[in-house]
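J.: Residue numbering for the sequence shown is 2 to 323, as defined by this note's numbering. C-beta atoms are modelled at their ideal positions from N, C-alpha and C, and glycine is treated no differently.
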Amino acid sequence: MKSIKNISVFDTSIATQNIGDEIIMDAVYNELYDIFKDDMFLRIPSHEVIGIASLSLIRNSVFGIVGGSNILSSAMNKYKQWKITLPQSFFIKNKALLLGVGWRNYQAKPNFFTKQLLKQLLNKEYLHSVRDSYTEAKLKEQGFENVINTSCPTMWRLTPEHCSKIPQKKSDTVVFTLTDYSKDFESDIFLIKTLLDSYQNVYYWVQSRKDLIYLNELNIDISQIKIISPSLRAYTNFLETNDCDYVGTRLHGGVRALQRSRRTIIIGVDNRAIEKKKDFNLTVIERNELNENLKRLIDSELKMDIKIPIANITKWKAQFLK
């Protein structure tokens with residue numbers, strides 16, 4: 002007899018102002034639908050307190066997939082991006098399964114609360130997928146050997162065949178992003194002026210509402226800059242209908258551009274982009290290198306030679322097909 006499994010998904014795109022979470026979850030669901038074609042997905046919010054109904058759904062699911070994002074940290078009782086309590090973790094013990102999850106910033110060893118929470122939550126039988134070597138090392142330090150580095154699911158389809166179709170020469174048009182919670186007035190003003198000098202058409206995508214507030218705070222002439230509204234649909238439509246480059250500090254804004262075959266330069270403002278450069282050869286320039294290298298990169302022929310860990314991705318998927 003055919004049966005349908007319940008699979009809970011901790012969805013990071015619910016109750017957030019960061020559209021980057023939508024980009025992550027779009028990729029998460031694409032991969033999950035390929036694996037679990039006949040099963041039922043139950044969306045559970047990760048960014049707000051989990052209620053009794055959601056806990057019951059997780060408890061009665063095969064597992065709860067944790068969809069990407071910077072959801073792990075060394076002090077999960079203080080940095081509560083994943084709003085789950087220690088008592089709740091006992092109720093859904095061994096249910097959480099990581100998919101492309103990352104560790105927030107470079108941090109010291111996890112505190113007692115974090116160790117206990119992860120010990121209770123994380124599934125012991127299945128392989129957990131993490132987005133970079135740094136996150137893999139942090140979990141293995143805590144005794145979780147069932148962890149592999151697959152990269153973020155947003156990158157899983159950036160195969161050599163896909164990347165070979167991305168233009169290597171500079172376009173006349175560029176879309177850029179800024180990050181409201183990682184402000185650097187001097188560097189970001191330099192970025193904008195360089196883009197205005199290098200491209201005929203300059204667009205700004207507002208990935209988070211406060212990004213537009215930050216652009217205005219820079220107090221420079223932005224009359225030549227066109228604004229793309231803060232929705233994933235608007236941004237995706239722009240990428241699909243305009244030959245353009247992407248240059249910006251928003252990691253997933255850049256990854257979305259790569260998904261739509263656009264030449265991309267990401268400015269690394271935290272560990273996420275920097276680790277992806279190390280592990281997967283993503284084109285990332287750190288902020289302290291902008292003056293020296295940004296203009297050169299923009300004007301050079303750039304090959305998007307991304308190295309996704311295909312063997313690990315295949316291994317993670319294959320465990321569900323047994």
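(1) Who does V10 pair with in a DSSP beta bridge?
(2) As a quick exercise: from D35, L87 and L123, pick the residue whose alpha carbon is nearest that of F114.
(3) Whose C-beta lies closer than 8 Å to the C-beta of L298 among residues of the same chain, with five residues either side of it excluded?
(4) Spatial neighbours of S75 within its chain, please: C-beta separation below 7 Å, excluding the five flanking residues on both sides.
(5) Look at the Cβ atom of V270, then the Cβ atom of T180, and state whether they are nearer than 8 Å.
(6) Is the distance from the Cβ of T155 to the Cβ of V256 below 8 Å?
(7) With G52 and I25 assumed to form a contact (beta carbons below 8 Å), what rounded beta-carbon distance in angstroms separates them?
(8) With DSSP run on the structure shown, which of helix, strand or coil describes W157?
(9) Excluding five sequence neighbours on each side, which residues of the same chain lie with their C-beta closer than 6 Å to the C-beta of S55?
(10) If distances are taken between C-alpha atoms only, which option among K79, R273 and N243 comes closest to C1?
(11) Report buried or exposed for I228, applying the criterion of at least 16 other Cβ atoms within 10 angstroms of its Cβ.
(12) Where does the unbroken alpha helix (DSSP H) through N217 begin, and where does it stop?
(13) Return yes when the Cβ of K96 is within less than 8 Å of the Cβ of F145, no when it is not.
(14) What whole-angstrom Cβ distance do G21 and R251 have, given they're in contact under 8 Å?
(15) Taking just the CA atoms, how far does V50 sit from Y80?
(16) How many Å lie between L122 and Q89 at the Cα?
(17) Assign T315 to one of two classes, buried (16 or more other C-beta atoms within 10 Å of its C-beta) or exposed (fewer than that).
(18) Are the beta-carbon atoms of L73 and V102 separated by less than 8 Å?
(19) Let's test the definition: count the other Cβ atoms within 10 Å of the Cβ of M77 and tell me whether it reaches 16, buried, or not, exposed.
(20) Leaving aside the five residues before and after F177 along the sequence, list all residues of the same chain whose C-beta is less than 8 Å from its C-beta, in chain order.
(21) Using a Cβ-Cβ cut-off of 8 Å (strictly less than) and excluding sequence neighbours within five positions of S62, which residues of its own chain qualify?
T.: With the given structure in hand:
(1) Mapped onto the sequence shown, residue 10 falls at position 9. Looking at the DSSP assignment, V10 forms a beta bridge with R44 and I66.
(2) For this step, residue 114 is matched to residue 113 along the sequence shown. Ranking D35, L87 and L123 by Cα distance to F114 puts L87 first.
(3) Translated into positions along the sequence shown, residue 298 becomes position 297. Closer than 8 Å at Cβ, skipping near neighbours: I266, T284 and I286.
(4) Numbered from 1 along the sequence shown, position 74 holds the residue referred to as residue 75. Hits under 7 Å: Q108, A109, K110, P111, N112 and T115.
(5) Counting from 1 along the sequence shown, the entry for residue 270 is found at position 269. Counting from 1 along the sequence shown, the entry for residue 180 is found at position 179. Yes; because the gap between Cβ atoms is below 8 Å, this pair is in contact.
(6) Position 154 of the sequence shown, counted from the start, is the residue given in the question as residue 155. Position 255 of the sequence shown, counted from the start, is the residue given in the question as residue 256. Cβ distance < 8 Å, so T155 and V256 count as in contact.
(7) Mapped onto the sequence shown, residue 52 falls at position 51. Mapped onto the sequence shown, residue 25 falls at position 24. Going by Cβ atoms, the distance from G52 to I25 rounds to 23 Å, so no, they are not a contact pair.
(8) For the purposes of this step, residue 157 is taken as residue 156 along the sequence shown, with counting starting at 1. Note: W157 maps to coil in three-state DSSP.
(9) Here the question's residue 55 lines up with position 54 in the sequence shown. If we look at S55 and ignore the five residues flanking it on each side, its Cβ neighbours are I45.
(10) Here the chain covers residues 2 to 323 and nothing more, so residue 1 does not appear.
(11) For the purposes of this step, residue 228 is identified with residue 227 of the sequence shown, where counting begins at 1. Exposed.
(12) On the sequence shown, residue 217 is found 216 positions in, with the first residue counted as 1. Here the alpha helix (DSSP H) through N217 covers R210 to E218.
(13) Against the sequence shown, residue 145 aligns to sequence position 144. Against the sequence shown, residue 96 aligns to sequence position 95. Contact: no.
(14) Against the sequence shown, residue 21 aligns to sequence position 20. Against the sequence shown, residue 251 aligns to sequence position 250. With 8 Å as the limit, G21 and R251 qualify as a contact, their Cβ atoms being about 6 Å apart.
(15) The count along the sequence shown starts at 1 and reaches residue 80 at position 79. The count along the sequence shown starts at 1 and reaches residue 50 at position 49. The alpha-carbon atoms of Y80 and V50 are separated by roughly 13 Å.
(16) Residue mapping note: residue 122 aligns to position 121 of the sequence shown, counting from 1. Residue mapping note: residue 89 aligns to position 88 of the sequence shown, counting from 1. When rounded, the distance between both Cα atoms is 9 Å.
(17) Residue 315 sits at position 314 when you count from the first residue of the sequence shown. T315 is exposed by the Cβ-count criterion.
(18) Here residue 73 is taken as the residue at index 72 of the sequence shown, counted from 1. Here residue 102 is taken as the residue at index 101 of the sequence shown, counted from 1. A contact, by the Cβ cut-off of 8 Å.
(19) On the sequence shown, residue 77 is found 76 positions in, with the first residue counted as 1. It is buried - the Cβ of M77 has at least 16 other Cβ atoms within 10 Å.
(20) Working through the sequence shown from its first residue, we reach residue 177 at position 176. So the list reads L192, I193, L196, V203, Y204, Y205, W206, Y247, V248 and G249, once near-sequence residues are dropped.
(21) By one-based count along the sequence shown, residue 62 stands at place 61. Closer than 8 Å at the Cβ level, and outside the excluded window around S62, lie K6, N7, I8, S9, L43 and K96.
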